[in-house]
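First up is the structure itself, then whatever we jot down about it.
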Amino acid sequence: MAPMTKSARMRKLLHDEQLLVTAGVHDALSAKLVEAAGFSFAFLSGFGFEASLLGKPDVGLLTLMEIVDHARRIDQAVDIPLLADAEAGYGGPSNIQRTVHEFEHAGIAGIFIEDQPHPNFCGSLRKFKKVIPAQEMVMKVRCAVAARRDPDFIIAARTDADIVSIEEQIRRCHLYLEAGADMVTALPANRAEFSQLAREVKAPLWLYLHAQADVTPDDLREMGIRGVVIYPVEPLFVATHAMIGLLKELKEKGTVRETFARDSVLNYKEFFSLIELRKFVELEGRFPYLKDQ
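Residue numbering for the sequence shown follows numbering that gives the first Met the number 0, beginning at 0 and increasing consecutively.
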């Protein structure tokens, strides 16, 4: 019997669990850390891949295939399913169809497409965001669903209508669900809006939290919300903060001893274990290609 695909495993997780929680990843190493921590899936954020690949903000600078290739490498590094940000779908119906096909072919378990014009801005940049008409997004969702070859591949629709109101977000969520989205993504600003969303949208939700949010995943479970909750950029922020501290010490004091003495930093043995060096050493031993004559 063939093993379950990652998309089928992700869909089963959504069926079996009320609310799944994970963190955002930006490269293969951060995905391995999420997996090693025991999370059942990972999420590749637009913010994360723009920052890690280009050192630029999340303003739609990367092409579809740059992102798909990055997602493929991340997916191949871990056994857990990977969900990914597919931005605004990269264009019209033909682009959206290709977007779905390329992410499916890369082994990604699911994507979301948002209702901003392309190129789009990070969801946190409310001052700069715009949204397309709801019916245009309905077309995008229908096109994405029709393009799907793998019935387990998850297609979510995100609304950035937080720049309008929570009521408009909820209205659009209903429209996108009717168009065939498996999940909908909204951007509630506070506990009251999360509660309103829970009361009025009785479908799986794909939601973000941040370090200062006034709700927790347990709060959302108590509200009856089901789906996924993601802390999308917090690992990236923490890793960046740690590197800034280390580099500051090196620049000012010419050493990194204080950082390594103060923090529980990995050593070579621990790091090699994380990236599975032993597997490669054993493989070399099984298939020696050079021998002393």
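The beta-carbon is built from N, C-alpha and C at its ideal position, and this holds for glycine as well. In this text, all values refer to a predicted model and were calculated from it rather than measured experimentally.
According to DSSP, is residue i helix, strand or coil?
i	result
Asp306	Since the first residue of the chain shown is 0 and the last is 292, residue 306 is not available in this structure.
Tyr288	coil
Arg315	Because the chain here runs from 0 to 292, residue 315 falls outside it and cannot be looked at.
Thr215	coil
Met0	coil
Leu273	helix
Ala260	helix
Asp372	The chain is shown from 0 up to 292; residue 372 falls before or after that span and cannot be answered.
Tyr175	helix
Ser164	coil
Lys278	helix
Tyr89	coil
Cys142	helix
I need the straight-line Cα distance from residue i to residue j, nearest angstrom please.
i	j	result
Pro234	Thr21	11 Å
Leu208	Gly284	46 Å
Asn189	Glu65	34 Å
Ala143	Pro80	20 Å
Met222	His173	19 Å
Gln292	Glu281	Note that Gln292 scores a pLDDT of 48, beneath 50, so its modelled location is shaky; the value from the coordinates is reported in the next line. Near 22 Å, if we compare the C-alpha coordinates of Glu281 and Gln292.
Asp218	Arg198	14 Å
Tyr267	Val33	20 Å
Leu364	Arg170	Limits of the chain in this structure are 0 at one end and 292 at the other, which puts residue 364 out of reach.
Ala145	Gln195	31 Å
Ile107	Ser263	33 Å
Arg141	Asp114	13 Å
Thr4	His14	15 Å
Ala202	Val227	11 Å
Glu295	Tyr175	Because the chain in this structure spans residues 0 to 292, residue 295 falls outside the shown range and cannot be described.
Glu166	Tyr89	27 Å
Glu16	Ile243	38 Å
Gln75	Ala156	25 Å
Gly37	Arg261	26 Å
Ser93	Leu246	46 Å
Val255	Ser39	35 Å
Ala180	Ser6	15 Å
Ile153	Leu19	15 Å
Phe286	His240	42 Å
Phe42	Lys250	34 Å
On the DSSP letters alone, give me the boundaries of the beta strand (DSSP E) that residue i sits inside.
i	result
Tyr207	204-207
Phe111	109-113
Can you pull the DSSP bridge partners for residue i?
i	result
Leu43	Val24, Ala83
Met182	Ala155
Gly37	According to DSSP, which records beta bridges pairwise, Gly37 is partnered with nothing at all.
Gly226	Leu18, Leu204
Quick one: give me the first and last residue of the alpha helix (DSSP H) that residue i is part of.
i	result
Met242	233-252
Phe102	92-104
Val67	63-76
Arg198	190-199
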